[in-house]
Structures are given as structure tokens and as C-alpha cells.
Amino acid sequence: MEPILYVNGLQKRYGTKPALVNISLTLEPGRILGLMGPNGSGKTTFMKIAAGLQKESGGTVHICGNQVGIESKKLVSFLPDRNIMPRWMTAEDAIDYYHDFFTDFDIHKALEMLDFVRLEKNVPVSAMSKGMVEKLNLTLCFSRKAKLYLLDEPLGGVDPVARERIVSTIVQTYNPESSIIVSTHLVHDIEHMFNDVCFISNGEVLLYGNAEQLRAERGMDIDALYIQMFRDRS
Amino acid sequence: MKATFKQEWKASKSRILYTSLVIAIVLLGAALTNFIAFQTKSNHVTFFGMFMYSVGIFCTLAIPIYALVRGSGNLRPLLFSDTNYLMLLVPEHSYTLLLAKQLINLAEYLIYVIPAAFYLSFMGPTAGLSMHTTLNGILYNANPGSTYWESVKSIYKYVFVDNWAGVLQLLVMAIIMFAVLQAAINCAYALYSAFIHTKRPNKFLILVILFFLFYIPIRLGFLGIDQVKYQIQNLNSAVIFWNYIWRFAVFGAVYFFLTGWLMENKIEV
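Chains as they are written, first to last, in my numbering: chain A, 459 to 692; chain B, 249 to 517.
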């Protein structure tokens, strides 16, 4: 079966500063990958390249066999770590926008999710709190039947109740034909749902493997492993 | 394309509505004030009318600039805002997005300009009011000896009967030049964003880029323009401008495709 995401020798430089160094990984359908690392490690850059918002400086990225571009954007659902909606839009406008542009967008699911996360349809983005924007982004992202979901820091800046809802939404969205990449440094809250983990620091992959195997081999959970790996580096 | 149009229109419609209302209030206010001044020959109202006349003319001249700077065709919020990059996530070619943005912006320009021209036609007969006080009560209007409404009628006859072909061509030329301006401004933003990119745009550098984008077509576009003044007889003579307009149009097309290419291959958010 064709992998959902195939990354080979990916490099990214901002001027002379390397942001990603020779990243290679393959994500099969039905997997949830935790992309973990401290702030500035390259997680968002990686996500943005896969989403088509930034260009790679070297290497290749394929999504279901497509190079990153118009075709891959049809298959990728990206949850950014900030508001990307114009401030005039209401939740209803945002849903209408996604419905217009993404053929895989399920409007009924979106409306159900809005109810589930208790977000009013008519509130404009300009009047939303950070947590409300997060819920809206989550609704839009998961109302698509995408092949690859890229979730950039989905738990950052939200309260524990909202965090719980986000985690349960991610788990509910799981299906064996798609894959999810979650970038985070709040490992403890969501490590139980990862099939694979990738630790990244200064743009380089430090550790990449099956989460269950790593727990068994290292005799500790992923959270403890994360702390051990990054304690000496920070 | 249809979705892009729809969403661009949704994003622009309230601004277009409010701006149209402001234009209507200012210009109709100016036209009404001048009409009263014209009919009553009141010096006091005429002074106010003169002021409103200037405001009306300024308002009309400022419309294209307003539409360009604040209009939906402008790439600035997309390229330089920390947010707003939603549009770059959608599976559409940058050329489609850009074209839809610029066409809606062009529509915005026409929505402002056509009613403004209509309102101004009611100020035309009172143009002579600006000389009212200096000439000791002697009124000058566009058609001496005729009434206000006869003057309005003569303006429409001049534009739509006597010179319709020239007016039509001038309108098309104005549209082309507006599109060229749009393309050049967006190209300046795109070049800055692709090769210089800073968190906050440096307006001076963008203006320098814009200057160079205009310098070449202006030099080429206006080669021989000094001969034009000797050839213009009336509005129908506008046809001679085509020789210059198409040169600008070619540059506009080059800037449009360069912007689209940069968006697809160089610009990052």
C-alpha cells in the first residue's frame, strides 16, 4: 500500500540557518505520529512544508504519491497553531469557506462538531477567545475526510476541559485509511494515542520509531523518554 | 474559480456597501448644495457649495486610490499578516486566486466610479459657481443661458450621443490601466515577500520596487506621447491612446504572471 506521507532527505534553510536537516520518514495509513520537540526545533516548519505553505530547500515530500502542490492540498487537512481566519468571518462563514474549497468537507459533521465544542455559529472571529478559535480550527480541520491530518500544537493554550475534548476528537477521527501527525511538547496529555513518535531537535531527527516498542525497549513512557532526551539539550 | 469569486465577494461586500454609501452621501450632498446655490444665487450657500464641490472632486479622484489600497485585490494582508494565510491552504492555483481577487477589486472600482460619475453629472452644470463670488454675482454654468436641467441633459448628450465611441474607449482604457496598477502593486508585494520578506513590510522598499515596476512601462508606454496633444480633437480621438495603453497592458500581464509564479514557487508564510 502506498504510504500517506513519504519524506526523504528533507532540508530547509532560512538564509544560511538550517531549520530542517535531512529528515526522512514514512507514514503508513492508519497511523498517528507524535512529532515532538522543544520550541524552535522545526516541528511547525515540517508541518508547513507538508501543508504546502513553505518550500523545501532539498529532499522530497510526497503525499499519497503526489508532490506537495495543488493535488496534495486536496488530501491534507492542516490545523495551524494560530488563527488563520479573517477576523470578519463567523464560524458559519468559515464552514461555508471550507465547504466551497474542499470537496471532502462534511458540512453536517462540522455543524455537529460546533455543537459538540459548544461554539456559537454567529460569533465573528474578532470576538473569539484563543480557546474558541482553537475549537473552530479543530472543527474545520476534522470535518474534512482528508488522508493526512497535520495538527500543529493542538493543545497549546487551551484549558484542560477543552484539551480533553480535543483529544477525544482526534481519537474519534481516526480511521484506517488516513493518518494523523500531531506536533506537541505537551507529551503527557496525548502520548497514549500515538502509534509512532518522532523526536526532533534543531531540525534533526533524534529518535523515530514505534511508540509501543520504544516504551518496551526503554522501560519508560514517552513522556519520561522525552524529558530524558531533551533535559540535557535545553 | 466560482468559489474564489464567492468568497472574495463575501469578504468585500460590507466594505463596498459602506464606501458606496459614503461616496453617495458626499457627492449627492455636494450636488444638492450646489443645486441650491445655483437656483438661489446665494453667496453664503455658494461658498459652502464651492467647498462641497472641491470635496466631491477630491472624493472622485480618491476612489481609484482607495479601491487599490484597501480593495480586495491587494495581496498585502495575505503576505504580511501572521494570520490570513487560509487562502494559501486551499487547492487552487495562485493564478486563479489572484485573478479572482483582481476581478472583484475591479468590480469594486466600477461600483465606486460609475455611480460617482452619475452623481458628478449633477454637479457639472454648477461648475461655474466656483467663480460666482469673484465675478460679482454673475453666474457661469456649463451652458450659459440654459437651465440646470438643460445643462444636465446636454452633458449626457455630449457623453452618450456625440462622443459615445470615445467615452467607451476611455472607459476600457481606464479599466486596463486600473488592472495594470493592480498587477504592479501586487507584483511589488510579491517580489518583496519572495526575496526580502520581513515580519513587517518595509513600505519604503516596496515603494522603491513599485517605482521600478512602473519606470520601464512608463518610459516605453509614453514614447511619442508628446505628439498626442496635437492630434486630440474631441473625445472620439481617444483611439490614438491605444498605441500606448497596450504597452502598459503587456507589462500588466507580465506582472500578473510573475506574481502568480512567485506565489506558487517562492512565497512562504
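In this text, a Cβ means the ideal position worked out from N, Cα and C, and glycines have one as well. Since the structure is predicted, the reported quantities are computational estimates derived from the model, not experimental observations.
Within-8 Å CB hit, B:P339 to chain A: Interface residue, yes.
Buried versus exposed, by CB contacts within 10 Å (16 or more), B:Q287: exposed
Pair within 8 Å by beta-carbon distance, B:L323 and B:Y437: yes
Coarse secondary structure for A:A477, derived from DSSP in three states: strand
Residues from the stretch 419-452 of chain B in contact with chain A, defined by Cβ distance under 7 Å: Listed by position, the residues of the stretch 419-452 of chain B near chain A (Cβ gap below 7 Å) amount to none.
Distance CB(A:I462)-CB(A:N653) smaller than 8 Å: no
Where A:A509 meets chain B, residues with beta-carbon distance less than 7 Å: L337
Where A:K470 sits in the DSSP three-state scheme: strand
Sub-8 Å separation of A:T548 and A:V581 beta-carbons: yes
CB contact flag (A:L609, A:V640, <8 Å): Yes. Within cutoff.
Cβ shell of A:N541 (< 6 Å), same chain only, five flanking positions each side left out: V591
Chain A within 8 Å of B:Y333, Cβ atoms only: yes
Coarse secondary structure for A:Y632, derived from DSSP in three states: It is coil, neither helix nor strand.
Residues in the stretch 400-411 of chain B having any Cβ partner in chain A nearer than 8 Å: none
Within-8 Å CB hit, B:L516 to chain A: First, the residue type needs correcting, since residue 516 of chain B is Glu and not Leu in the sequence shown. Interface residue, yes.
Residues in the stretch 255-270 of chain B having any Cβ partner in chain A nearer than 8 Å: Within the stretch 255-270 of chain B, the qualifying residues are Q255, K258, A259 and S262.
Burial state of A:T642 (16 or more Cβ within 10 Å): buried
Spatially closest choice to B:S260 from B:I273, B:Y314 and B:E356, by CA coordinates: Residue nearest to B:S260 within the set B:I273, B:Y314 and B:E356 is B:E356 (criterion: CA-CA distance).
Interfacial residues, the stretch 554-582 of chain A to chain B, with Cβ spacing under 7 Å: Y555, D558 and F559
For B:F253, three-class secondary structure by DSSP: helix
Cβ shell of A:V583 (< 6 Å), same chain only, five flanking positions each side left out: For A:V583, where only same-chain residues beyond five positions count, the Cβ hits under 6 Å are M543, R545 and M547.
With 16 other Cβ atoms within 10 Å as the buried cut-off, status of A:I553: buried
Under 8 Å between C-beta atoms of B:Y301 and B:A272: no
Distance between A:D562 and B:I444 (C-alpha atoms, nearest Å): 36 Å
Cβ of A:F536 within 8 Å of any chain B Cβ: yes
Contacts around A:S601, its chain only, beta-carbon distance under 8 Å, and the 5 residues preceding and following it disregarded: I553, Y556, F563, D564, I565, K567, A568 and M571
7 Å Cβ cut-off: residues of chain A touching B:A251: D558 and F559
Contact with chain B by A:P543, beta-carbon distance below 8 Å: The sequence shown places Met at residue 543 of chain A, rather than the Pro named in the question. So yes, A:M543 belongs to the interface.
Cα-Cα separation between A:P496 and A:K605, rounded to whole angstroms: 27 Å
8 Å Cβ cut-off: residues of chain B touching A:K588: Those within 8 Å of A:K588 in chain B number zero; the least Cβ separation is about 12 Å.
Below-8 Å beta-carbon distance, A:H551 vs any chain B residue: With the sequence shown as reference, residue 551 of chain A is identified as Asp, and His is not the correct amino acid for it. At least one chain B Cβ lies under 8 Å of A:D551.
Nearest to B:G508 (by Cα), restricted to the options B:I464, B:A348, B:Q255 and B:K250: B:A348
Contacts that A:Q512 makes with chain B (C-beta to C-beta distance below 9 Å): E516 and V517
Inter-residue spacing [alpha-carbon to alpha-carbon] between B:C307 and B:S268: 11 Å
Residue environment, B:L455, which counts as buried when at least 16 other CB atoms sit within 10 Å: Within a 10 Å sphere around the beta-carbon of B:L455 sit fewer than 16 other beta-carbons, which makes this residue exposed.
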